[in-house]
Each structure stands twice: as structure tokens, then as C-alpha cells.
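Here is the structure we will look at.
Residue numbers (UniProt numbering): 1 to 291.
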């Protein structure tokens, strides 16, 4: 009879430990994903900003040397990420491919202009910088027109500010939720052993002596949960980097290691603090208050 009861208690204990490890791993995994989002938020926003194209259209009278000098000066500018010269013939071919019709057959000539597509660095993709760059280009007498989507740039910058703000708010809220959830799981595990704690106290064991095995066991569970969460984070990070190589998510290993270390230490610290206060609570209760 006692053997079957011991087996039941052992299964119950293992089940309790499993639920604690699972809750710690899941919470830390989600917190780690949010951390990756926070760390890479600027990189993602910069990627989309750098997709904005400033097109400088050149007059037919522009000399080849002038066009090459302009392209070279733009390529060397601090605010430019890349440039691409697009001849009127290339532009006509692209338009024909998009529309499926050759408009030059109807017109009898190519009305398009040679152009230079300019991709700016993310920090310079603002309405003020774009206007300044546009004015500078238009000062050259062989430049016909400068085009860019100003409304898109304004909308993008406004949305980036809003998203960054809410990501920080969500990070703070989710961190608090993570602490509360892990604390709740640990408290439940300690609650299951409240009578053992009180029995040890009644036979003369000190509070420190009683707390020590509970804290050590919880820290072990925290380490296991943290390791599981880190494995999940590594898989997700590897997959995202493979799917979106242009974001270069693995180009800053120091930040990645720091995030992983933070998640690992957080798992240990939260379980240690939660177990300390949970055992302290039951140590301070009277015997009749345990029921």
C-alpha cells in the first residue's frame, strides 16, 4: 500500500516539475522572441526605408560624361547606399515586360528618359533630406526631374515611431507577465510540499536549511527551462536569417549572445527569487493555516 502511494507521490512530483519546466521554457521563449524583435526593430525598419527609390531623370541633351560624373558623385555621397543607371532602352524593356505591350510601336519613338535610381541610407529617408537631395540634383542643368514617393516616406516614418513605442510598452508588460507566470508555477510546486516544510521546521531545522534544497531544485528547473527556450530561440533565429538574409540577423553576434545570456540568467534569477519567497511564506505560517 505504502509502495503504491510512494509511486503516486513520485509521479505527481515529476508531473509538477514537468509543468514548471514547461511554463518557464515557454515564457522565456516568448520573452526571448520579443527581445529579438526589440533588438532588430531598427534593422527591419531600416531595411524597408532603404527600399525607397529616388529617381533622377536626365535630359536627352545630357552628355555621357555628365551622367557618369553625377552617378559617381552620388555613389560617393554619405547619404547614398547604392545607385543604378537605367537607360531609356532598359526602361522601355521593363515597361514592355510589365504591360505586355510595346508602346513604341504606337508612338514610333521612345519617350522615356535615361535615369539614375538612388537608394538612400535609412537615416536619410526623411521628407527634409529627400527635398534637400532633390533640390541639389535639380540645380544641374542636365537633370530634368526628380521623383520619389513623399507620402510613403512620411507614412513609413510615422508608423516606425508608433510601432517602436508600442514594442517597448509590450516588452515591459510581457516581462512583468513572464515574472508573474513563472512565480505562480514555482509557488504551486512549493505549495505541494508545504507539509514537508512545516514538518522539517517542527523538528528543529533552520529556515535556511529548509529553503536550500527547494531553491536549488527550482534553480535547476529554471536552468533546464532556460536551455529549452534558448534552443527554440536559436531555431527561430536560424530560420528567420535563412528566410530573410537581407536583414542580416546574425551579423551582430555580441547582441545575440547578450540576449541569450539575459534569458538564461533571467530564468535562474526569477526561479530563485520566487522559490525564496514562496518557502518563506510557508515557513511563517502556522500549522492550522496550511489547510
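Each residue gets a CB set at the ideal place from its N, CA and C atoms; glycine is no exception.
Go through its chain and collect everything with a Cβ distance to residue 246's Cβ below 8 Å, but skip five positions before and after it. 47
Straight-line Cα distance separating residue 157 from residue 67: 31 Å
Counting C-beta neighbours from all protein chains within 10 Å, is the total for residue 94 16 or more, i.e. buried, or is it exposed? exposed
Separation of residue 79 from residue 41, as counted between CA atoms: 21 Å
Beta strand (DSSP E) containing residue 120: first to last residue? 115–120
Helix, strand or coil for residue 94, going by three-state DSSP, please let me know. helix
Taking one C-beta from the region 158–172 and one from the region 130–143 each time, how about it: are there three or more such pairs within less than 8 Å? no
Check the C-beta distance from residue 149 over to residue 52 and give it rounded, since I have them as a contact under 8 Å. 7 Å
Beta-carbon spacing of residue 116, residue 70 below 8 Å: yes
Helix, strand or coil: how does DSSP classify residue 23 here? helix
Element boundaries [beta strand (DSSP E), containing residue 206]: Careful: residue 206 lies outside any beta strand (DSSP E) and carries neither H nor E.
By DSSP, does residue 308 sit in helix, in strand, or in coil? Since the displayed the chain opens at 1 and closes at 291, residue 308 lies outside it and no answer follows.
Residue 2 versus residue 183 - alpha carbon distance: With a pLDDT of only 48 at residue 2, under 50, the local geometry of the prediction cannot be trusted, and the value read off the model is given with reservation. Going from the Cα of residue 2 to the Cα of residue 183 covers about 33 Å.
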